[in-house]
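There are 2 protein chains.
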Amino acid sequence: MSRASDRAYGAIREMIMSGELAPGDALGEEALAERCGVSRTPVRDALRRLEAEMLITRSDTQRSFVADWSLDDIADLFQLRAMLEGYAARRAAERMSEPVLQALRNCNARLRKSVMCAPPDVDSFLERNREFHALILEAAGSRKLVALLASVIEQPVIWRTAHHYGQDELRRSFGEHEELLSAFARGDGPWAEAVMGSHIRRAFHAYADAHRGLTAIDSPGRRRTA
Amino acid sequence: MSRASDRAYGAIREMIMSGELAPGDALGEEALAERCGVSRTPVRDALRRLEAEMLITRSDTQRSFVADWSLDDIADLFQLRAMLEGYAARRAAERMSEPVLQALRNCNARLRKSVMCAPPDVDSFLERNREFHALILEAAGSRKLVALLASVIEQPVIWRTAHHYGQDELRRSFGEHEELLSAFARGDGPWAEAVMGSHIRRAFHAYADAHRGLTAIDSPGRRRTA
DNA sequence: GCGCATCTTATTGTATACAATTTGATGACG
DNA sequence: CGTCATCAAATTGTATACAATAAGATGCGC
């Protein structure tokens, strides 16, 4: 991460992920360059990458904005994610090896610790959860799927609001992961696919519920994109 | 398309699509800049875009190469495409409007003309086919899906080899499109999804058969990527 | 002849200057 | 007072020069 382009990429990405830059905000190259302490060249590079990830959008005249997603868009996002991660789970189950299975078990055991204590350690949960899903994706062994899913799940709006999960939901996630492990242990692709699909759909509804409840106090006017 | 960056993008893309640049070929920025008649800056821009589309890959040291896909990769690609386009068809069926339906019918009527004559006009078929699928994708009304599918179907290896289709296969494609139209007319999402899935899978096997038959005379040694 | 360190060359990364375009403002005119 | 043309400021696009890094060649020691 020593190249300026990578620093810019990481910095801008973090600004978006953390909410420092809100959806709809304009992103001037000059301003970003200054904030990142580099010239415009690596910033432009970073913007192209972020555009590919759909974290930013570009107007018809090539001006950059932080991507803005409606609730409908998010629902769509989760649906795609359910489909793709379900497929990933199926492939992973069909290709599962003992070492990977062990890694998954270890990961979920650590996740268990994060949610079984009081209060639950949400940050730790998120990290383990991410790791768990990443391991499955890797085990699926599809280059293209990795790329597609990355662009679906790397959405700030999702990761930011995961903090609103209740303890019961966190524990349910743990339980669903355990069921996935069973499916993997038996190499049952369709079972893994079904469990994963359900897992993601439940996550969406948890998100939607939390969002609806918060929207009144949490969305003080959106900026228009066009 | 007047910006140099767009020209470079289009030119390089065309070189890849046409096979002028073969999978595994190294892409030096300087050389490309000269061939496109622009400086390295817009070339770098174009390379980032092509990288996002997975038409090129980058080594660990950031050197660019034309992407190389194995038959397994291609099978994976088609599977993802079947899933995503099936989903697109379902959504499209659920959202179908009379004007869009008419446009689809017109499109397939023109496609019919391309395949019913002797000899069939394959170029025209490909263009209509592309248009047909694009219309459905648009009707699905999912921004994210558009982006995902674009990166799946815009693979040169697929479009190049579509020329090997036999007339019977072309006509079968037309027939499957007609069946899709029926599903759309009735707003039957699951039907549309099933037909589309089948349509894509058949296309894959047609491709795989043709490829196997040609591989001996058509693949004079691959260049290694790493 | 083989392996390895070093040096040369080629390639990518970054900054900067300047050109082209867009935006938004200002003021003239109806 | 509203509309439109024109102009100024801001923003993005491109070229070029130079720095950093990686690839390949060369020759030395073994």
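These protein sequence lines are chains X and P, in that order.
Just so we're aligned: the first sequence equals residues 51 to 276 in the numbering used here.
Just so we're aligned: the second sequence equals residues 51 to 276 in the numbering used here.
Ideal placement from N, C-alpha and C gives every residue a C-beta, glycine not left out.
Note that the coordinates shown come from a computational prediction; the quantities given were computed from them, not determined experimentally.
Considering only the beta carbon of each residue, do residue i and residue j sit closer than 9 Å?
| i | j | result |
| --- | --- | --- |
| Ser114/P | Ile106/P | yes |
| Ser10/X | Ala260/X | Lying before the first or after the last residue shown, residue 10/X is absent from chain X, which here runs from 51 to 276. |
| Phe234/P | Leu161/P | no |
| Tyr215/P | Phe128/P | no |
| His213/X | Val172/X | yes |
| Leu102/P | Glu101/X | Note that residue 102/P is Ala in the sequence shown, not Leu. Going by C-beta atoms, Ala102/P is nearer than 9 Å to Glu101/X. |
| Cys157/X | Phe182/X | yes |
| Arg99/X | Arg98/P | yes |
| Asp126/X | Leu195/P | yes |
| Leu187/P | Leu198/X | no |
Just mark residue i as buried or exposed, buried being the case when its beta carbon has 16 or more other beta carbons within 10 Å.
| i | result |
| --- | --- |
| Ala159/P | exposed |
| Gln205/P | buried |
| Ala58/P | buried |
| Arg53/P | exposed |
| Ala168/P | exposed |
| Asp122/X | exposed |
| Gly239/X | buried |
| Arg108/P | exposed |
| His249/X | buried |
| Ala189/P | buried |
| Arg63/P | buried |
| Ala200/P | exposed |
| His255/P | exposed |
| Ile267/X | Confidence is the limiting factor: at Ile267/X the pLDDT is only 41, short of 50, which leaves the residue's position unreliable, though a coordinate-based value still follows. Result: exposed. |
Looking only at its own chain, which residues have a Cβ that is under 6 Å from the Cβ of residue i, when we skip the five neighbours before and after it?
| i | result |
| --- | --- |
| Leu130/P | Val202 |
| Leu77/X | Ser114 |
| Leu71/P | Met65, Val116 |
| Pro73/P | Val116, Asp118 |
| Ala61/X | Cys86 |
| Met67/X | Pro206 |
| Asp110/X | none |
For residue i, collect the residues of the same chain with a Cβ closer than 7 Å to its Cβ; drop the 5 residues on either side in sequence, then sort them by chain order.
| i | result |
| --- | --- |
| Pro170/X | Ser164, Gln217, Leu220 |
| Glu80/P | Arg90 |
| Gly191/X | Arg141, Arg145 |
| Leu230/P | Ala139, Ala242, Val245, Met246 |
| Ser55/X | Pro92, Asp95, Ala96 |
| Val207/X | Trp119, Ile124 |
| Gly237/X | Ala143, Glu144, Met146 |
| Glu228/P | Asn158 |
With a threshold of 8 Å on Cβ separation, who are the neighbours of residue i within its own chain once the five nearest residues in sequence on each side are excluded?
| i | result |
| --- | --- |
| Arg178/P | Cys157, Asn158, Arg160, Leu161, Ser164 |
| Leu151/X | Leu231, Phe234, Ala235 |
| Glu226/X | Val245, Ser248, His249, Arg252 |
Within the present structure, is the beta-carbon of residue i separated from the nearest heavy atom of the ligand PLP by less than 8 Å?
| i | result |
| --- | --- |
| Ala235/P | The ligand PLP is absent from the structure shown, which contains no ligands of any kind. |
Can we say the region 128-143 of chain P touches the region 82-98 of chain P, given the rule of at least three CB pairs closer than 8 Å? The way I'd put it, the region 128-143 of chain P doesn't touch the region 82-98 of chain P; fewer than three beta-carbon pairs between them come closer than 8 Å.
Hey, is the region 139-147 of chain X in contact with the region 139-147 of chain P, meaning 3+ C-beta pairs nearer than 8 Å? Of all C-beta pairs linking the region 139-147 of chain X to the region 139-147 of chain P, fewer than three are shorter than 8 Å, placing the two stretches out of contact.
Would you list, in sequence order, the uninterrupted beta strand (DSSP E) runs of no fewer than 3 residues that lie entirely inside the region 145-229 of chain X? Those beta strand (DSSP E) runs which fall completely within the region 145-229 of chain X and span 3+ residues do not exist here.
With a floor of 3 residues, list each beta strand (DSSP E) that falls wholly inside the region 91-138 of chain X, ordered by position along the chain. Taking only runs of at least 3 residues, the beta strand (DSSP E) segments lying wholly in the region 91-138 of chain X are 106-108, 114-116.
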